[in-house]
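Quick notes on the structure that follows.
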Amino acid sequence: MKKYDVAALGELLIDFTENGKSIQGNYLLEANPGGAPCNVLSMLTKLGKATAFIGKVGNDFLGGQLKRTIEEIGIDAQNLILDEKIHTTLAFVHTYPDGDRDFSFYRNPGADMMLRAEEVNEEVIAASKMFHFGSLSMTHHSVREATKKALKTAKEHRCLISFDPNLREPLWDSLDEAKEQIAYGISQCDILKISDNEIQWFTGKQEFEEGIYVLQEAYHIPLILLSMGKDGSRAYYGNKRVEAKPYLQKNTIDTTGAGDTFCACVLNYILEHGLEGLTEENLKEMLSFANAAAALVTTKKGALRVMPAKEEIEKALAVGL
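The letter at position 314 of the sequence shown is residue 314 when you use my numbering, and the numbering goes up by one with no holes.
Here it is, written out as structure tokens:
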């Protein structure tokens, strides 16, 4: 028996999101805890899974807020390091009327990218059933080496490995470097969650089926999840392709964290059902639950603190059928 269901490594940061205007007409910004890997862990924790985070924030006011937040949620924060010199990473999020977003990052440097290989606690990874990561922990040398050490440990201890590229173009020196490092991440995973625009960019194929074929032929990934926003999602598993409709909400205000919520629900399903012998019915059930959860989180600001409960998701499923 392993202590943790999922351990994740990567960024934990503050998303400053617009929240109205002041009397003077200035934008008001809300400091929402965020970061894709921790968003995934937050949803998994909400579903009753034991989770642990590996990363770094600044030893500053915002870093302290982030540490308290994930502890309150129930994520094991023993391996969250506080950097004495570098401040917590910040992202300013502009939200468009349809809920989509534009990001401006303050990360040159930011504490999350300062994690070093020798600071990675191998024991917490060895004690986990699954290891999850994204590409933001591969943008710079130090944190890239830390990520590779974590992956090596995860493979040695037979963890299932989950990867979400979560491409943020401004954080890379070049898109060629981004493609090289994301290719490495894809080559290591058993479960890949990738968005529609990411697969088009990475494979150069505009048709999703062609892009998936490229990935399957090159990397032999057991399970690929394709998120398509308002068009729902697909699962590619062996020779099976299953699609599930979206559960669009009339009161969508912020799509931040929707992909992370979706990813977490998929990982939760795999933890409960395994990665072997999944049927089309299994895959449809998995995608539908994940789509409903992702839709619900878009009705609230931020993500990490506002993940939906299982009962809310089941209710949305029932109404949407």
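Ideal placement from N, C-alpha and C gives every residue a C-beta, glycine not left out.
Asked: Tell me which residues share the same chain as I73 and place their Cβ nearer than 6 Å to its Cβ, disregarding the 5 neighbours each side in the sequence.; Found: S42 and T45
Asked: Quick check on the DSSP output: the beta strand (DSSP E) that includes Y247 runs from which residue to which?; Found: Looking at the DSSP string, Y247 is not in any beta strand (DSSP E), and its letter there is neither H nor E.
Asked: Here's the rule: buried if 16 or more other CB atoms are within 10 angstroms of the residue's CB, otherwise exposed. What is F61?; Found: exposed
Asked: To test your reading of the DSSP string, which unbroken beta strand (DSSP E) runs of 3 or more residues are found completely within the segment 151–218?; Found: 160–164 and 191–195
Asked: Would you list the residues sitting across from A316 in a DSSP beta bridge?; Found: According to DSSP, which records beta bridges pairwise, A316 is partnered with nothing at all.
Asked: In whole angstroms, what separates the C-alpha of E311 from that of V319?; Found: 12 Å
Asked: With DSSP as the reference, identify every bridge partner of M130, one or two as the case may be.; Found: V6 and L160
Asked: Roughly how far, in whole angstroms, is the beta-carbon of I125 from the beta-carbon of T153, given that I think they are within contact range, below 8 Å?; Found: 5 Å
Asked: Is Y27 buried or exposed, if buried means 16 or more other CB atoms sit within 10 Å of its CB?; Found: exposed
Asked: Could you tell me whether the segment 220–235 touches the segment 114–133, using the rule of 3 or more Cβ pairs below 8 Å?; Found: no
Asked: Span of the alpha helix (DSSP H) holding T45?; Found: A36 to K46
Asked: Distance check for N166 and L80, CA to CA, integer angstroms please.; Found: 21 Å
Asked: What separation, rounded to the nearest whole angstrom, lies between the Cα atoms of L29 and C189?; Found: 36 Å
Asked: What residues match up with T17 in a beta bridge as DSSP calls it?; Found: E30 and V93
Asked: Short of 6 Å in beta carbon distance, which residues of its chain neighbour L90, apart from the five on each side in sequence? Order them along the chain.; Found: I14 and Y106
Asked: So, do the segment 278–289 and the segment 231–238 have three or more beta carbon pairs nearer to each other than 8 Å?; Found: yes
Asked: Buried or exposed, going by whether 16 or more other CB atoms sit within 10 Å of the CB of R158?; Found: exposed
Asked: Going by DSSP, which residues form a beta bridge with V57?; Found: L82
Asked: Pop quiz: Y219 and I186 are said to be a contact at Cβ under 8 Å. What is the actual Cβ separation, rounded to whole angstroms?; Found: 5 Å
Asked: If V266 and A290 are in contact, beta carbons under 8 Å, what's the gap, nearest whole angstrom?; Found: 5 Å
Asked: According to the Cβ coordinates, are N108 and L82 closer than 8 Å?; Found: no
Asked: Report the three-state DSSP secondary structure of L226 (helix, strand or coil).; Found: strand
Asked: With distances taken Cα to Cα, identify the nearest neighbour of S195 among R68, F262 and Q181.; Found: F262
Asked: Which of the three DSSP states, helix, strand or coil, is assigned to D102?; Found: strand
Asked: From this set, L136, S142 and K193, which residue's C-alpha is nearest E169's C-alpha?; Found: L136
Asked: For V306 and K300, what's the separation of their Cα atoms in angstroms?; Found: 7 Å
Asked: Under DSSP, the beta strand (DSSP E) around A235 begins and ends at which residues?; Found: S233 to Y237
Asked: Given this structure, state the Cα-to-Cα distance separating I191 from V40, to the nearest angstrom.; Found: 14 Å
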